[in-house]
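The next block holds one structure in the form of structure tokens; read it before the comments.
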């Protein structure tokens with residue numbers, strides 16, 4: 005009889021252990037009470053809590069410092085995310101708290117529950133919470149928004165917009181979500197339902213330089229702008245950036261631990277899949293690179309490309325040291341564009357050219373500008389060819405009226421691993437004359453360069469006149485003994 009009773013007691017206890025118990029969570033391996041009261045106990049226990057509006061029938065800050073008030077009507081309340089009360093913001097209602105310099109911390113966390121209920125695509129992106137002044141959009145510390153199509157969340161800091169993709173996909177009207185944004189001077193993170201949201205592209209953080217701006221809930225500005233039709237609950241501000249585990253504990257305390265874990269697993273699976281795709285792409289690129297490196301044609305010397313005729317129209321060869329501006333010489337061998345005057349315009353410095361004079365004894369002298377367009381009294385070369393292998397450009401001139409062959413080599417210093425020498429602000433021009441005949445030829449070169457000291461590149465030079473010119477006199481400097 006005693007043995008039978010013992011077995012009955014053992015079976016009864018086993019059955020009791022298997023019964024589900026409402027209001028308890030087994031997150032992290034231990035049963036814990038969940039729901040609005042459990043959540044509030046968790047928040048109240050946070051040592052860095054600075055302000056807290058629980059919206060349990062009023063708009064008071066539980067810390068007693070920054071009470072809110074409703075604009076646009078009377079405060080209305082409805083059921084919260086797991087029972088209790090939540091503030092309803094619709095029909096033009098939003099909350100203002102006023103200037104709150106006491107909430108401007110060197111690092112912070114903004115936390116709340118929200119249930120958006122606006123009609124999609126209202127023509128703007130509704131705002132959940134902001135510290136932002138009226139009128140001037142740049143006068144913003146932070147402004148948290150739901151995109152008008154519910155696709156993503158966004159943060160505006162007065163300078164840039166940061167877009168975040170939510171782990172569970174696009175939000176839906178009428179569904180509760182937990183939001184936490186942590187920010188330090190070095191990093192900002194967003195969590196939705198306790199799971200990190202993923203930043204699209206580059207990001208910044210709160211504009212910590214902006215202080216004592218008014219706090220608004222359901223509006224981006226105290227006067228009412230970018231209004232959010234929603235229910236909102238348990239808005240809290242902390243003087244520290246909460247750890248991810250602390251945020252997860254808050255979500256679990258409300259009884260959302262199961263949802264958080266499902267979202268976290270789905271996000272991790274998506275990240276793992278993206279990583280696999282990246283690794284596969286890297287492997288394909290590496291394979292292709294190896295194939296190219298194994299191609300014997302890659303190391304063949306090949307033949308240089310010579311540009312002539314209409315193909316010269318696209319030539320713009322840059323001369324100038326690293327960070328020193330540039331002079332662009334074109335397919336006519338003109339120094340056509342000058343960008344050494346802190347300018348980005350296509351400025352021209354006229355009367356800047358080379359010319360050649362060749363004379364056979366007893367015959368007339370032939371004079372040409374070393375370019376395929378005339379300049380002043382100098383006739384143009386009939387044609388030329390161009391070959392470019394940076395930093396060198398080679399021009400070969402052809403004119404049946406000249407008894408010689410003329411070429412021009414133009415370059416600037418470019419020293420591998422020598423940034424200082426590669427930044428010398430200069431362009432070097434090397435002119436060569438070749439006599440293909442058996443007769444002597446007298447050859448002279450002319451280098452003409454307008455003195456452009458004072459030119460800003462903002463307006464054209466008229467001949468030799470420009471408002472910024474002074475005397476602009478040139479002096480011949482001779483060094484050494486002439487040969």
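In my numbering, the protein residues as written are 5 to 487.
Ideal Cβ positions, reconstructed from N, Cα and C, are used throughout, including at glycine.
These numbers were taken from a predicted model, which means no experiment stands behind them.
Would you identify the three-state DSSP class for residue i, choosing helix, strand or coil?
i, result
"residue 261", "helix"
"residue 168", "strand"
"residue 315", "helix"
"residue 202", "strand"
"residue 241", "strand"
"residue 210", "coil"
"residue 13", "Low per-residue confidence applies at residue 13: pLDDT is 29, beneath 50, and the placement is therefore not dependable enough to give any value."
"residue 288", "helix"
"residue 65", "strand"
"residue 148", "strand"
"residue 231", "coil"
"residue 236", "strand"
"residue 450", "strand"
Just the C-alpha distance for residue i and residue j, rounded to the nearest angstrom, thanks.
i, j, result
"residue 445", "residue 406", "10 angstroms"
"residue 342", "residue 331", "5 angstroms"
"residue 2", "residue 71", "Given that the chain is displayed from residue 5 to residue 487, the structure contains no residue 2 and the question cannot be resolved."
"residue 410", "residue 418", "25 angstroms"
"residue 83", "residue 143", "35 angstroms"
"residue 389", "residue 396", "14 angstroms"
"residue 394", "residue 354", "26 angstroms"
"residue 261", "residue 139", "41 angstroms"
"residue 370", "residue 383", "10 angstroms"
"residue 400", "residue 437", "10 angstroms"
"residue 285", "residue 277", "12 angstroms"
"residue 26", "residue 37", "In this predicted model, residue 26 has a pLDDT of only 36, less than 50, meaning its place in the structure is not dependable; the value taken from the coordinates is given anyway. Spanning the two alpha carbons is a distance of roughly 9 angstroms."
"residue 442", "residue 351", "44 angstroms"
"residue 467", "residue 404", "31 angstroms"
"residue 74", "residue 264", "32 angstroms"
"residue 110", "residue 193", "15 angstroms"
"residue 156", "residue 179", "15 angstroms"
"residue 302", "residue 252", "56 angstroms"
"residue 483", "residue 323", "26 angstroms"
"residue 292", "residue 307", "25 angstroms"
"residue 447", "residue 297", "49 angstroms"
"residue 366", "residue 454", "34 angstroms"
"residue 459", "residue 334", "21 angstroms"
"residue 377", "residue 391", "19 angstroms"
"residue 449", "residue 464", "28 angstroms"
"residue 44", "residue 255", "11 angstroms"
"residue 151", "residue 283", "32 angstroms"
"residue 55", "residue 345", "56 angstroms"
"residue 207", "residue 160", "10 angstroms"
"residue 472", "residue 347", "15 angstroms"
"residue 274", "residue 130", "28 angstroms"
"residue 67", "residue 60", "14 angstroms"
"residue 312", "residue 340", "18 angstroms"
"residue 97", "residue 222", "8 angstroms"
Taking residue i as part of the alpha helix (DSSP H), name the residues at either end of that continuous run.
i, result
"residue 463", "From DSSP, residue 463 is part of no alpha helix (DSSP H); its letter is neither H nor E."
"residue 40", "40–48"
Who pairs with residue i in a beta bridge, going by DSSP?
i, result
"residue 102", "219"
"residue 73", "100"
"residue 479", "Answer by DSSP bridge pairing: none, since residue 479 is not bridged."
"residue 224", "None, per the DSSP bridge assignment."
"residue 252", "In DSSP, residue 252 forms no bridge with anything."
Give a yes or no on whether 8 angstroms exceeds the smallest Cβ distance from residue i to chain C.
i, result
"residue 423", "Although the question refers to chain C, the structure presented lacks it and comprises just one protein chain."
In the DSSP assignment, the beta strand (DSSP E) including residue i goes from what residue to what residue?
i, result
"residue 135", "131–136"
"residue 544", "Here the chain covers residues 5 to 487 and nothing more, so residue 544 does not appear."
"residue 193", "192–196"
"residue 485", "Taken as a continuous stretch (DSSP letters only), residue 485 belongs to no beta strand (DSSP E), as it is neither H nor E."
"residue 83", "80–83"
"residue 489", "Not covered by the structure: residue 489. The range shown for the chain is 5 to 487."
"residue 93", "89–93"
"residue 494", "Nothing can be reported for residue 494, as the shown portion of the chain is limited to 5 through 487."
"residue 107", "Run containing residue 107: none; DSSP gives neither H nor E here."
"residue 53", "53–57"
**Prompt:** Considering only residues of the segment 306–385, which uninterrupted beta strand (DSSP E) runs meet the minimum length of 3 residues and lie entirely inside it, listed in chain order?
**Reply:** The segment 306–385 contains these whole beta strand (DSSP E) runs: 320–323, 330–334, 339–343, 357–363, 369–373.
**Item:** Every unbroken alpha helix (DSSP H) inside the segment 380–448 [4 residues or more]
**Value:** If we require 4 residues or more, the alpha helix (DSSP H) runs fully inside the segment 380–448 come out as 423–426.
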